[in-house]
Structure formats: C-alpha cells, structure tokens
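S.K.: Residue numbers (the UniProt record's numbering): 1 to 711. Ideal placement from N, C-alpha and C gives every residue a C-beta, glycine not left out. Here the structure is a predicted model, which means the values were calculated and not measured.
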Ligand code: HDE
C-alpha cells in the first residue's frame, strides 16, 4: 500500500484563547459531564451498559414472542427510527472537506476582519459543495448551479461565505425564491423529474421572469457541468461591504479561483457519468484529498467605491449583474486548501449550518434585496433541519474562538453554564461577560430614508445587456454548447407555449442565439420578441467570462484511462504511467477482468476497473493498448466498443495501437483520420510524449461537428 502523503508543513492553526477563562463547548464544562477516560472495551448501550448479545432479541422461549422489556432492542431500534433529519430544501446533495485559509495580504486598509490582517496566518475552514435542485440521493452531474459554501473559523467568530459557482442569480428579490425553487424542483403531483431543470414548470417560470435571462446564459453554459468540485470558481454573488478601523466602507464582491482552473465535461458525457458513477464529484473530491492531492483556491476581493458603483451601467445591489474583471480587477488576498476529509458525513457535512447572516467585524451587508431575504432564511432553515436553537453547539458549527453569552436552555443544550446570573444588566455575577463598544461588531451607519414601498427600483430594469455580453464573450464551442443546452432543455418541455415564450426572450439577448435554438426545436414560425422595456446594450466583451479563453494547458489533477488486455507491452505501459504521473495526473487500468492482465513480460498488473465498470466518461483522455488477440476479443464487448466510441464522441485525446483497429471499426470510427484530428495519437508513429502534450491541450473542439449536429 502506498503511504498516504501528509499535508505540507504549515504553521499551527490559530488555537482558541484559553487564557480568558471563557468556556467553549469542547470538552463540555462541569465535572459531571467529563467523558470517562479511554475507549470502552466493549459494545455498550447509550447508557454505557455492556451488551452481551447484539444479534438476538430477548424472547420468552427460543421460538416465543419478543419481550417488551428488551431495553437493548428498544434503544437500538428507537435510535435507528430517528436517524434521518429533513434534507436541505435546496442544496440537499453535497460533499465537504476541512482545510485552512491562509491570509496572503494585509487588508487593514479596507477591513478590520481579523483573518485578513496578518500574511502567513492560517485559520481552519470547512467547505461544502452542492447541487441545488436534486434530492440528497440524486446524481452529481445534473445540469445545475453548484453551491460553494465556506465556514471560516476566525478568531472573531465564524464567517460563512455561502456562495455559488456562478456569480449571478435568477431573481432580484428574495420574495420570489420559493416560487423559483418550486418551479425548478420535481412537480408536486408526480415528484419527478429529479435533479433537472429540463421540464415545463421550470421553463414556464423562467419564460415569465425576464430578470433571470443573464443567469440562464450561465446555467446553459458548461459551468453547470463541472469536471470536478476542484475545478470550479466560486462567488459570493452579492455586493457586500468591508469596513476598516476608521469606519470607512468599501464595496466588495468575493471570488474563489481554482488553482486547477475551471474545467467542464460535455453534456452527453454528463448524462453518461450519471449512470456510470452518480457519485462522480464526491468521489473525486474524496479521493484527491485522500491521496494528498489537495485542492486549492485563491481568495480574491473585487473592491470598489460608491463613486465607482455609481458609474457602472447597472445597480450593484442587483444580484443578476456582475462586474467584469476587466472593469474592476481582482485582488488576491488569501488562499484556501482543503486537506482533510470529514470523519463522519452526518456529523459534519450534513449538520454543518451555514448562515448568510454569519459575518464578523469588518464585513457587512448591503441593501441587495436578495441578500436581505437570505439573512433571515438560513437561521430559520437550520432550526427546522437541526431541530434546536442550539445548533451552534454541534461541533462542526462551534466557533473555534471562545464564546459566551446569556442565552440559555432549549432542546439539546450541551453546555453546563454555571452560576446564579443569566441576565444583564446585573450587579451580581462578577464573572459574566459584558458587551464592549470598542471591540464589538459595529454595523456600518449607512443613511437610510424612504417611503415604505413594494417596488423594484428602475435601476434593476435591464435584463438583457449582461446576458448578451456573456453569450458573446464565449468562444465558439462554448456558444455552441449554450445553444445545444437550450435545445435539449426546451425539447423536454411538452407545452409548446413554453418553448415559444422562451424564444421570445432569447431573441432579446441575441438574434442568432434565438434563430439557432428555433432551428434545433424545429420551429419555423418567425419569433415575436417579448416586450423589453430596456433593450440589450452592447457592452464591452469580457473574455474572463469564458472558461476556454482562460484555460491553461495541463493535466494536473486529471485521470487517464488505459484499456489493456493480456499481452500488453510492459515498456509502453511503464512509459505511459511515468509520463502521466509526471504531468500530475493519475493512470487507471481498465481490463477485461478486475484481477488484471498479464503483460507480454509476464507481470500481473491489477485492474482498477473491469471494462463495463470503467467507461471512458470517467477519464479525461484514454489509451487503447490491447495485444493483437486482445483487440479482436475486446471488439466483441459492447462496453469496450463504447469506451472508444464515447471517448471519440466526447472529443477526448485517444492514444492507440494498431491492435485497437477492430474496436474502431466496430465503433463506427474506421474513417477517423489521425492526420486531420490532433487528438488521435497512433502510438507506433507517435510517442507517449505526443499523447501527453495533446491531452494537456484539452478536448479536440474541431472534432465536434463530426459527432453531433451543431445548430
Ligand atoms: Fe441559498 N439557501 N437561498 N442561495 N444556499 C440554502 O439553507 C435561500 C441563494 C446557497 O452547503 C438553505 O442551510 C434564499 C443565493 C448555498 O449547507 C436556505 C435565497 C446563493 C447553500 C436557502 C437563496 C445561495 C444554500 C437551504 C434567495 C449564492 C447550501 C439549506 C433569497 C450566493 C449551503 C440551508 C450548504 C442553502 C435560502 C439564494 C447559496 C433555504 C431564501 C443567491 C451554497 O436557507
């Protein structure tokens, strides 16, 4: 067994201050509540009573009735009956990891936030990624927004940055959220479709909600089918406020930039990954961390003043808008590394309670009406989910700094507060902690005036300009994918009005977009545009909005699959493994049996996957390396034929030996032309290094028109 790499040497994480005499919850206070030292020596009940037989209930006679007095049986079953808690109403399916945040730059010029003051200092974080619409047991590769929630355990309390992998949102006002989610999730009468927006109710709602058009461009792009949680950007979405020691406010948008760059799969691949490995993303995150390949993100601030905000062609309180990086650049002030998997999924990933209202001194809110609604929702939802106002006492939710107040009691109180005084002002109780104006959280004193109105500001009225900017800023394959995604999704809508109504919106974004989607839907009638009180402006394009324009070549963090048979060439396999690992990727062996293959030189190479359990959708590039007899035998296995056909169809780089020819023929790829296709690496002619270089360059986009109709 290879030894597990250790986390790089790091300065110790800031430890809670134990000199103040303030109790934290671990370990629980009070002698009565100290846990007994040492591990129990045997299985016990929850009362600590040793159990003699965990297989048989207590009966009156060997074949007689079970007795009610069997407290061991009753306790076990009662606990089991209560194992489930309500899943999150959105973001139910997720995966999380521990790690650290390291400050890289002193930000005292703009904020007093303690974790952004001292370069080099680290604090713990717990980060959860999620899909939004699907239930807890749904598949990972749904076309969906991904949640990107980070709990920073700072020395001034917990800061939760509850963001997404897309920097805008569907709606501008929180009051619309329940309707949006009802429309997106399964239909209430039949409870399907699961984990997808490709159905009438979602598109009906969207067609009637023009403010969602910018978000629609993002969710129809490949951003919603990420290759890995490790390869996603993250965004705080709203405009927040930073406040410095002088009380000056600076607006900020929070960004996470992955070290591995943003990467996505293609749609047909996503559909097949869901069948091949519904846990694709959570397995990928778990395995990367488990093998020491720790994912990392830069933490960036996009800061701006009131004057800059006023000069922008939209309102910074409108969560359906971005500020292009080309207009206001990002300042990298920290990094996050995830280096430890949870010990227990339920205790940590399921019970972690992120709240948009959890901010620390130096970070404040703005009047974004979407954000304001969220400030209520998260605490409310945790009460429902976790069942008690004491959810902050669950270990994953506890601050790592001392905390103390006079809130008391409630369901599942874990602390044992001492003393007679639980109120203040009080002249008794000398040791209770008091408020401090000097160091306490201070809300920015923004001047607010105005009538009480239920209206949308006029500055929120432009719904199309940034949607157009996003679409036109994409590279050609990315635009093709937005068109294809819209055709796919709208083709799942049975109600013709919904499709027509969407075309009437799309034409306001870009005429060619609407025409292409109409062609893909087979709509021949002219498209009548929906009323657009503010027509789309031509904003400066922003290449930073494209994944492909920013992509850097490389295989770090990727997986290469080698399909082999008995008789595989030892030297070739060794070269391939060494080259793949040197590029920072991992090689997986796929073989006709899980025991593995015997090489031409007589070595037994164990397989990572049997051929039907390791389809090529699980890998970023593939090598087809059968022996002469092996190639002919594999051509009789449909899963091996599909391995090659799908790798080609998903635009992957394929290295192959001549012995793979029967698979290509059976897969309908006999006319694939290595002279015209940079992704076909014929190994006797080309070298393993050519394969690696081609795979590092990514997918072969030029092949796409050969494998599907591009409208
Ligand atoms: Fe959430 N959202 N949300 N959301 N959200 C929840 O809180 C809500 C929104 C986001 O890994 C819920 O603990 C409202 C935007 C993430 O545990 C709930 C509105 C963004 C997660 C809730 C929004 C998010 C949630 C459900 C509109 C990106 C998962 C379970 C006003 C900035 C956190 C829970 C985790 C979860 C409400 C919109 C991100 C119901 C009312 C915009 C990443 O409270």
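Suppose you measure from the CA of residue 603 to the CA of residue 567; what does that come to, to the nearest Å?
M.R.: Roughly 10 Å separates the two Cα atoms.
S.K.: Check the DSSP bridge columns for residue 102 and list the partner residues they point to.
M.R.: DSSP output for residue 102 lists 122, 335 as bridge partner(s).
S.K.: Classify residue 315 as buried or exposed, calling it buried when 16 or more other Cβ atoms lie within 10 Å of its own Cβ.
M.R.: It counts as buried.
S.K.: Could you check which residue in 186, 154, 297 has the C-alpha nearest to that of residue 234?
M.R.: The candidate whose alpha carbon is nearest that of residue 234 is 297.
S.K.: Which runs of the alpha helix (DSSP H) at least 4 residues long sit entirely within the stretch 356-422? Give them in chain order.
M.R.: 369-386, all fully within the stretch 356-422.
S.K.: Tell me where the beta strand (DSSP E) around residue 160 begins and ends.
M.R.: 157-164 is the span of the beta strand (DSSP E), which, as asked, contains residue 160.
S.K.: With a threshold of 7 Å (Cβ to nearest heavy atom), would residue 91 be considered close to the ligand HDE?
M.R.: Indeed, a heavy atom of the ligand HDE lies less than 7 Å from the Cβ.
S.K.: Is it buried or exposed for residue 367, if we count other Cβ within 10 angstroms and need 16 for buried?
M.R.: Residue 367 is exposed by the Cβ-count criterion.
S.K.: Assuming residue 461 and residue 160 are in contact, meaning their beta carbons sit under 8 Å apart, how far apart are those beta carbons, in whole angstroms?
M.R.: About 32 Å separates the two Cβ atoms, so there is no contact after all.
S.K.: According to DSSP, what are the bridge partners of residue 298?
M.R.: Note: residue 298 sits in a beta bridge opposite 257, 335.
S.K.: Please look up how many angstroms separate the CB atoms of residue 624 and residue 654, rounded, as I've assumed it's under 8 Å.
M.R.: Right, the Cβ-Cβ distance comes to about 7 Å (below 8 Å), so this counts as a contact.
S.K.: Can you determine whether any heavy atom of the ligand HDE sits closer than 7 Å to the C-beta of residue 174, and answer yes or no?
M.R.: Checking the Cβ of residue 174 against the ligand HDE gives yes.
S.K.: Could you tell me if the beta carbon of residue 164 falls within a distance shorter than 7 Å of some heavy atom in the ligand HDE?
M.R.: Yes, the beta carbon of residue 164 sits closer than 7 Å to at least one heavy atom of the ligand HDE.
S.K.: Rounded to the nearest angstrom, how far is the Cβ of residue 320 from that of residue 214, given a contact under 8 Å?
M.R.: That pair is a contact at about 5 Å.
S.K.: In chain order, what are the residue ranges of uninterrupted alpha helix (DSSP H) at least 4 long that sit wholly in the stretch 514-550?
M.R.: List check, alpha helix (DSSP H) in window: 547-550.
S.K.: How far does the alpha helix (DSSP H) with residue 664 in it extend, from its first residue to its last?
M.R.: Start and end: 661-666.
S.K.: In the structure shown, what three-state DSSP assignment does residue 711 receive?
M.R.: Residue 711: coil per DSSP, three-state reduction.
S.K.: Could you spell out where the beta strand (DSSP E) holding residue 645 opens and where it closes?
M.R.: Segment 638-649 is the alpha helix (DSSP H) holding residue 645; no beta strand (DSSP E) there.
S.K.: Tell me which residues share the same chain as residue 4 and place their Cβ nearer than 6 Å to its Cβ, disregarding the 5 neighbours each side in the sequence.
M.R.: Here the model assigns residue 4 a pLDDT of 45, short of 50, so the residue's position is not dependable and the matter cannot be decided.
S.K.: Kindly say whether residue 307, judged by its beta-carbon, lies nearer than 8 Å to any beta-carbon of chain C.
M.R.: No chain C appears in the structure shown, which is made up of a single protein chain.
S.K.: Residue range of the alpha helix (DSSP H) that residue 274 falls in?
M.R.: Start and end: 267-276.
S.K.: Would you call the stretch 172-189 and the stretch 402-418 in contact, with 3 or more CB pairs under 8 Å?
M.R.: Flag = no, the stretch 172-189 and the stretch 402-418 do not touch.
S.K.: Taking residue 508 as part of the alpha helix (DSSP H), name the residues at either end of that continuous run.
M.R.: Where residue 508 is concerned, the enclosing alpha helix (DSSP H) stretches over 496-509.
S.K.: Which of the three DSSP states is assigned to residue 354 in this structure?
M.R.: Coil, per DSSP.
S.K.: Taking all protein chains shown into account, decide if residue 190 is buried (16 or more other Cβ within 10 angstroms of its Cβ) or exposed.
M.R.: Its Cβ having fewer than 16 others within 10 Å, residue 190 is exposed.
S.K.: Which residue spans inside the stretch 29-82 form an unbroken alpha helix (DSSP H) run of at least 4?
M.R.: Listed in chain order, they are 71-81.
S.K.: Within the present structure, is the beta-carbon of residue 382 separated from the nearest heavy atom of the ligand HDE by less than 7 Å?
M.R.: Checking the Cβ of residue 382 against the ligand HDE gives yes.
S.K.: For residue 791, which option in 50, 86, 91 has the closest C-alpha, if you only look at C-alpha atoms?
M.R.: A question about residue 791 goes unanswered here, because the residues of the chain that appear run from 1 up to 711.
S.K.: Shorter than 7 Å, the distance from the beta carbon of residue 370 to the closest heavy atom of the ligand HDE, or not?
M.R.: Correct: residue 370 has its Cβ closer than 7 Å to the ligand HDE.
S.K.: Under DSSP, the alpha helix (DSSP H) around residue 487 begins and ends at which residues?
M.R.: It spans 476-491 - the alpha helix (DSSP H) in which residue 487 sits, taken as one unbroken run.
S.K.: Could you tell me the distance, in whole angstroms, from the CA atom of residue 27 to the CA atom of residue 395?
M.R.: Low confidence applies here, because residue 27 scores a pLDDT of 45, under 50, leaving its location unreliable; read the following figure in that light. Those two C-alpha atoms are separated by around 10 Å.
S.K.: Of the residues 265, 199, 431, which one's Cα is nearest the Cα of residue 222?
M.R.: Nearest option by C-alpha distance: 265.
S.K.: Three-state secondary structure (DSSP) at residue 127?
M.R.: Looking at residue 127 - three-state DSSP - the assignment turns out to be strand.
S.K.: Taking 8 Å as the threshold (C-beta atoms), are residue 473 and residue 545 in contact?
M.R.: Their beta carbons are under 8 Å apart, which means residue 545 touches residue 473 by this criterion.
S.K.: Report yes if the C-beta of residue 450 is less than 7 Å from at least one heavy atom of the ligand HDE; otherwise report no.
M.R.: Residue 450: no, Cβ never under 7 Å from the ligand HDE.
S.K.: Could you check if residue 430 is buried or exposed, using at least 16 other CB atoms within 10 Å of its CB as the buried criterion?
M.R.: Flag for residue 430 reads exposed.
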